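> Take this structure, written in structure tokens, and hold onto it; I'll ask about it next.
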């Protein structure tokens, strides 16, 4: 682990047994980094959920032996990033079942589709550039059957990260062949100061 | 072993033992829950009293157990959830599909 002013950098060996320990390590350092004006308990809980799911995602989907987790903060926001050189993002379009893989080829207009819904929330992805994707949630009305009883587990992690973040994005770097998931939590409504 | 089980007549009280309910024990939890449900009980009351940490994989296993239980007319109640765990269930709306109680006692009162 590397700690600089306002920044924490951790190399995670993609071992599922290590996830709880790494999460606690990160949270301890985030508490130290933000000790002047501590972040509130709900924000800490969100950070815990996001770190957990970023690391779980690395174990389940990256196919790599390690990834890097970075935490940065200033007076405006908290930023978590997970970077690896594993398989690029691949998602199933919920309605058609079509497989969409990043980087997108032949993108002439913004791409947007539903990944999953749980009866109340629709988890969607939108891409305006071939190498990027932004995740967001829309509220659904009048859906009777909770989607989580139809479509299980694989999207819980993505839904958790999207709902716990104010911004949750994916970027593929075609030169370095790296995947970067980035979660931002805004601090504008709190009295937090770095 | 992930669950400590106390079988009553038509009810099974099952306490999740690890503090960390995660990818590392999610599959074992799912298998133990399915064994309980297949054993002929009418209700599984699942206690999270030890759980400080839960992830999407474990929650996924919980939903698989519910999907296995529903056609067999078996209920699953959740009890003793710590605030972080309950807030996470609420975040992804799982509180809409599980009955959640304060503790075993409160859950048992609903069936007596």
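Chains as they are written, first to last, in the numbering used here: chain A, 7 to 200; chain B, 80 to 191. Glycine residues also receive a C-beta, built at the ideal position from the N, C-alpha and C atoms. These numbers come from a predicted model, not from an experiment.
Is any heavy atom in the ligand COA found nearer than 7 Å to the beta carbon of residue 146/A?
The ligand content of the structure shown is nil, which means the ligand COA is not present either.
> Is the separation between the beta-carbon of residue 93/B and that of residue 125/B shorter than 8 Å?
Taking the second chain and counting its residues from 1, one reaches residue 93/B at position 14. Taking the second chain and counting its residues from 1, one reaches residue 125/B at position 46. Yes. Within cutoff.
> Would you please verify whether the beta carbon of residue 49/A is less than 8 Å from any beta carbon of chain B?
Against the first chain, residue 49/A aligns to sequence position 43. No, residue 49/A does not count as interfacial toward chain B.
> Within 8 Å, do at least three Cβ pairs link the region 157-177 of chain A to the region 129-138 of chain A?
As far as the Cβ criterion goes, the region 129-138 of chain A touches the region 157-177 of chain A, which means the pair count is three or higher.
> Bridge partners of residue 132/B, per DSSP?
Numbered from 1 along the second chain, position 53 holds the residue referred to as residue 132/B. The partner list for residue 132/B (beta bridge, DSSP) reads 99/B.
> Buried or exposed for residue 26/A, please, with buried defined as at least 16 other CB atoms from any protein chain shown within 10 angstroms of its CB.
To locate residue 26/A, count along the first chain from 1; it is residue 20. Buried is the call here.
> From residue 190/A to residue 12/A, what does the alpha carbon distance come to, in whole angstroms?
On the first chain, position 184 is the one that residue 190/A refers to. On the first chain, position 6 is the one that residue 12/A refers to. Roughly 15 Å separates the two Cα atoms.
> Suppose only complete runs of 3+ residues qualify. What are the beta strand (DSSP E) ranges in the region 54-101 of chain A, listed by chain order?
As far as the region 54-101 of chain A is concerned, its whole beta strand (DSSP E) runs of at least 3 residues are 73-79, 83-90 and 96-98.
> When you compare only the Cα positions, how much space is there between residue 174/A and residue 75/A?
Counting from 1 along the first chain, the entry for residue 174/A is found at position 168. Counting from 1 along the first chain, the entry for residue 75/A is found at position 69. Distance between the alpha carbons of residue 174/A and residue 75/A: 15 Å.
> For the region 25-38 of chain A, which residues have a CB atom closer than 8 Å to at least one CB atom of chain B, in sequence order?
Residues passing the 8 Å Cβ filter: 25, 26 and 29.
> Check whether chain B comes within 8 Å of residue 198/A, counting only Cβ atoms and requiring the distance to be less than that.
Taking the first residue of the first chain as position 1, residue 198/A is located at position 192. Here the model assigns residue 198/A a pLDDT of 44, short of 50, so the residue's position is not dependable, and the following value carries that caveat. Answer no: the Cβ-Cβ gap between residue 198/A and chain B never drops below 8 Å.
> Who are the neighbours of residue 99/B on chain A, taking C-beta pairs under 7 Å?
Taking the second chain and counting its residues from 1, one reaches residue 99/B at position 20. Near residue 99/B (Cβ distances below 7 Å), the residues of chain A are 26.
> Have a look at residue 133/A and residue 139/A and give me their C-alpha separation to the nearest angstrom.
Here residue 133/A refers to the residue found at position 127 of the first chain. Here residue 139/A refers to the residue found at position 133 of the first chain. Computed Cα separation, rounded: 5 Å.
> Please tell me whether residue 99/B and residue 132/B are closer than 8 Å, where the distance is taken between their beta carbons.
As a first step, residue 99/B must be located in the second chain, where it is residue number 20. As a first step, residue 132/B must be located in the second chain, where it is residue number 53. Result yes, Cβ atoms of residue 99/B and residue 132/B sit closer than 8 Å.
> Would you call residue 197/A buried or exposed, if buried means 16 or more other Cβ atoms sit within 10 Å of its Cβ?
Translated into positions along the first chain, residue 197/A becomes position 191. Legend: pLDDT at residue 197/A = 47, less than 50; position of this residue unreliable, no value from coordinates given.
> Please confirm if residue 108/A has its CB atom under 8 Å from at least one CB of chain B.
Counting from 1 along the first chain, the entry for residue 108/A is found at position 102. No, residue 108/A does not count as interfacial toward chain B.
> Determine, using beta carbons only, whether residue 119/A comes closer than 8 Å to chain B.
On the first chain, position 113 is the one that residue 119/A refers to. Output row for residue 119/A: interface = no.
> Which of the three DSSP states, helix, strand or coil, is assigned to residue 109/B?
The sequence position of residue 109/B within the second chain is 30, counting from 1. Residue 109/B: helix per DSSP, three-state reduction.
> Can you name, in chain order, every residue of its own chain whose Cβ lies under 6 Å from the Cβ of residue 14/A, other than the five neighbours on each side?
In the first chain, counting from the first residue as 1, residue 14/A sits at position 8. Around residue 14/A: 35 and 77.
> Can you give me the C-alpha to C-alpha distance between residue 199/A and residue 87/B, rounded to a whole angstrom?
Counting from one through the first chain, the residue named residue 199/A turns up at place 193. Counting from one through the second chain, the residue named residue 87/B turns up at place 8. The pLDDT assigned to residue 199/A is 44, lower than 50, so where the model puts this residue is not dependable; a value taken from the coordinates is nonetheless given after this. So the two alpha carbons sit approximately 54 Å from each other.
> Can you pull the DSSP bridge partners for residue 103/A?
The residue given as residue 103/A occupies position 97 in the first chain. According to DSSP, residue 103/A bridges with nothing at all.
> Give me, in chain order, the residues of the same chain whose beta-carbon lies closer than 6 Å to that of residue 107/A; leave out the 5 immediate sequence neighbours on both sides.
By one-based count along the first chain, residue 107/A stands at place 101. If we look at residue 107/A and ignore the five residues flanking it on each side, its Cβ neighbours are 96.
> Counting along the chain, where does the alpha helix (DSSP H) carrying residue 161/A start and finish?
As a working mapping, residue 161/A is identified with position 155 in the first chain. Unbroken run through residue 161/A: none, as it is neither H nor E.
> By Cβ distance, which residues of its chain are closer than 7 Å to residue 22/A, with the 5 residues on each side in sequence left out?
The count along the first chain starts at 1 and reaches residue 22/A at position 16. Counting only Cβ-Cβ distances below 7 Å, and skipping sequence neighbours, we find 65.
> Closest to residue 82/B by C-alpha separation, out of 91/B, 90/B, 96/B and 89/B, would be which residue?
Taking the first residue of the second chain as position 1, residue 82/B is located at position 3. Out of 91/B, 90/B, 96/B and 89/B, 96/B has the C-alpha closest to the C-alpha of residue 82/B.
> Can you tell me which of 136/A, 53/A, 67/A and 90/A puts its alpha carbon nearest to the alpha carbon of residue 183/A?
In the first chain, the residue the question calls residue 183/A occupies position 177. Per the Cα distances, 90/A.
> Which residues of the region 172-183 of chain B have a Cβ closer than 9 Å to any Cβ of chain A? Give them in chain order.
Answer set for the region 172-183 of chain B: 172, 173, 175 and 176.
> Tell me whether residue 93/B sits in a helix, a strand or coil according to DSSP, three-state version.
For the purposes of this step, residue 93/B is taken as residue 14 along the second chain, with counting starting at 1. If DSSP states are grouped into helix, strand and coil, residue 93/B belongs with the strands.
> Looking at chain A, is there any beta carbon in it that lies within less than 8 Å of the beta carbon of residue 166/B?
Numbered from its first residue, the second chain carries residue 166/B at position 87. With 8 Å as the cut-off, residue 166/B counts as an interface residue toward chain A.
> Can you look up residue 163/B in the DSSP assignment and give me helix, strand or coil?
For the purposes of this step, residue 163/B is taken as residue 84 along the second chain, with counting starting at 1. Helix.
> Go ahead and pull the three-state DSSP assignment for residue 121/B.
Residue mapping note: residue 121/B aligns to position 42 of the second chain, counting from 1. Looking at residue 121/B - three-state DSSP - the assignment turns out to be coil, as it is neither helix nor strand.
> If you reduce the DSSP assignment to three classes, tell me which class residue 29/A lands in.
As a working note, residue 29/A is residue 23 in the first chain. Helix at residue 29/A.
> So is residue 58/A buried or exposed if we call it buried at 16+ other beta carbons inside 10 Å?
As a working note, residue 58/A is residue 52 in the first chain. Label assigned to residue 58/A: buried.
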